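First up is the structure itself, then whatever we jot down about it.
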Amino acid sequence: MLQLEAISLRMGDFHLSADLALAKGRRLGVLGPSGGGKSTLLSVIAGFLTPDAGQIRINSEVVTNVPVPQRPLSLLFQEGNLFPHLTVFQNVGLGLRPDLRFDSDQQGAIGDALEQVGLSGMDARLPGDLSGGQRSRVALARMLLRQKPLALLDEPFAALDPGLRSEMLALVDELCVKTGLTLVMVSHDLRDVEKLCTDLCLLEDGAISLYGPLEQILANPPAALKPWM
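Heads up: the sequence shown begins at 50 in this note's numbering, then just goes up one per residue.
Below, the structure is given as structure tokens:
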């Protein structure tokens with residue numbers, strides 16, 4: 050599903066280098082210290098940053114120079130990127146049509162996405178009328194509506210309290226099982242990665258120092274992982 054082949058990117062004194070392959074339906078958790086390159090890695094995969102060398106493949110297609118909107122992926126950030134003047138229905142529908150001119154099929158699809166994340170009946174509310182957890186669900190519904198095979202999550206629930214964060218991770222897990230979604234999630238918390246991911250990547254100083262199936266790594270944790278446990 051996702052292949053990073055000899056990726057190299059220099060930004061001033063920082064150098065990102067990455068090689069990894071993630072199979073369809075797998076979920077990769079990316080851990081690492083602040084400034085280690087986690088968000089930079091996501092930006093390269095998404096297309097916000099273009100590597101100096103190497104190739105990115107999604108579904109075996111080279112997308113290294115493909116513009117962001119044309120890549121077969123969806124993004125979910127901590128802020129959720131909701132527009133305060135748009136209703137829940139409209140914010141979700143942006144995943145389909147930026148002009149908000151939805152036909153009947155699209156309206157039905159938006160309603161289905163809201164139902165999947167437990168927001169039925171909240172179509173007309175504004176983001177300011179929602180709790181933090183509900184706003185996260187709106188952003189998640191928009192991501193699902195786009196029906197892209199790869200999802201990139203940049204600490205999307207970090208601002209939520211532990212209970213809500215666990216609830217959202219469980220919801221994403223359930224939706225991944227239903228849809229077969231492949232996922233890359235940046236996190237600062239190994240516990241969150243354990244709840245959602247099948248694989249683990251430790252990114253330090255722009256380089257991958259640890260990568261593999263999460264279960265195998267946790268069965269015999271290397272010293273590099275100790276600060277996160």
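Using N, Cα and C, we set each Cβ at its ideal position, and we do this for glycine too.
Note that the structure is a prediction, hence the values are computed from the model and not measured.
Cβ distance (whole Å) where residue i is taken to contact residue j below 8 Å
{"i": "Met-234", "j": "Gly-182", "result": "With 8 Å as the limit, Met-234 and Gly-182 do not qualify as a contact, their Cβ atoms being about 17 Å apart."}
{"i": "Gly-261", "j": "Asp-248", "result": "7 Å"}
{"i": "Leu-53", "j": "Ile-107", "result": "10 Å between Cβ atoms; not a contact."}
{"i": "Leu-163", "j": "Val-141", "result": "6 Å"}
Test item: CB-CB of residue i and residue j under 8 Å
{"i": "Pro-211", "j": "Ser-185", "result": "no"}
{"i": "Phe-97", "j": "Val-115", "result": "no"}
{"i": "Leu-145", "j": "Leu-194", "result": "yes"}
{"i": "Pro-100", "j": "Ile-159", "result": "no"}
{"i": "Pro-82", "j": "Glu-243", "result": "no"}
{"i": "Phe-132", "j": "Asp-203", "result": "no"}
{"i": "Leu-178", "j": "Arg-214", "result": "Checking the sequence shown, residue 178 turns out to be Asp, not Leu. Not in contact: Asp-178 and Arg-214 (Cβ atoms no closer than 8 Å)."}
{"i": "Leu-189", "j": "Val-226", "result": "no"}
{"i": "Ala-256", "j": "Ser-66", "result": "yes"}
{"i": "Leu-251", "j": "Leu-51", "result": "no"}
C-alpha distance - residue i paired with residue j, whole-angstrom precision
{"i": "Val-137", "j": "Asp-238", "result": "29 Å"}
{"i": "Pro-271", "j": "Leu-259", "result": "9 Å"}
{"i": "Leu-69", "j": "Lys-275", "result": "22 Å"}
{"i": "Leu-220", "j": "Asn-130", "result": "19 Å"}
{"i": "Arg-191", "j": "Lys-197", "result": "11 Å"}
{"i": "Ser-236", "j": "Leu-71", "result": "17 Å"}
{"i": "Gly-103", "j": "Ser-169", "result": "44 Å"}
{"i": "Ile-266", "j": "Thr-231", "result": "20 Å"}
{"i": "Arg-120", "j": "Asp-148", "result": "20 Å"}
{"i": "Gly-78", "j": "Leu-245", "result": "8 Å"}
{"i": "Gln-155", "j": "Leu-143", "result": "11 Å"}
{"i": "Arg-59", "j": "Leu-135", "result": "39 Å"}
{"i": "Gly-61", "j": "Leu-199", "result": "30 Å"}
{"i": "Gly-74", "j": "Arg-150", "result": "32 Å"}
{"i": "His-64", "j": "Val-187", "result": "35 Å"}
{"i": "Leu-122", "j": "Val-112", "result": "11 Å"}
Extent of the continuous alpha helix (DSSP H) to which residue i belongs
{"i": "Leu-193", "result": "181-194"}
{"i": "Met-234", "result": "That residue, Met-234, is in no alpha helix (DSSP H); its beta strand (DSSP E) goes 231-235."}
{"i": "Ala-70", "result": "Per DSSP, Ala-70 belongs to no alpha helix (DSSP H); it is in the beta strand (DSSP E), 63-71."}
Delimiting residues of the beta strand (DSSP E) encompassing residue i
{"i": "Gln-42", "result": "Missing from the structure shown is residue 42; the chain here goes from 50 to 278 and no further."}
Distance cut-off 7 Å: residue i Cβ against heavy atoms of the ligand FMN
{"i": "Pro-100", "result": "No copy of the ligand FMN occurs in the structure displayed, which carries no ligand at all."}
Contacting residues, own chain, Cβ-Cβ under 7 Å from residue i (five flanking each side not counted)
{"i": "Leu-175", "result": "Pro-133, Thr-136"}
6 Å Cβ shell around residue i - same chain, five flanking residues per side excluded
{"i": "Glu-223", "result": "none"}
Cβ neighbours of residue i in the same chain (closer than 8 Å, five flanking residues each side left out)
{"i": "Ser-88", "result": "Asp-203, Val-235"}
{"i": "Leu-263", "result": "Gly-78, Val-242, Glu-243, Cys-246, Thr-247, Asp-248, Leu-249"}
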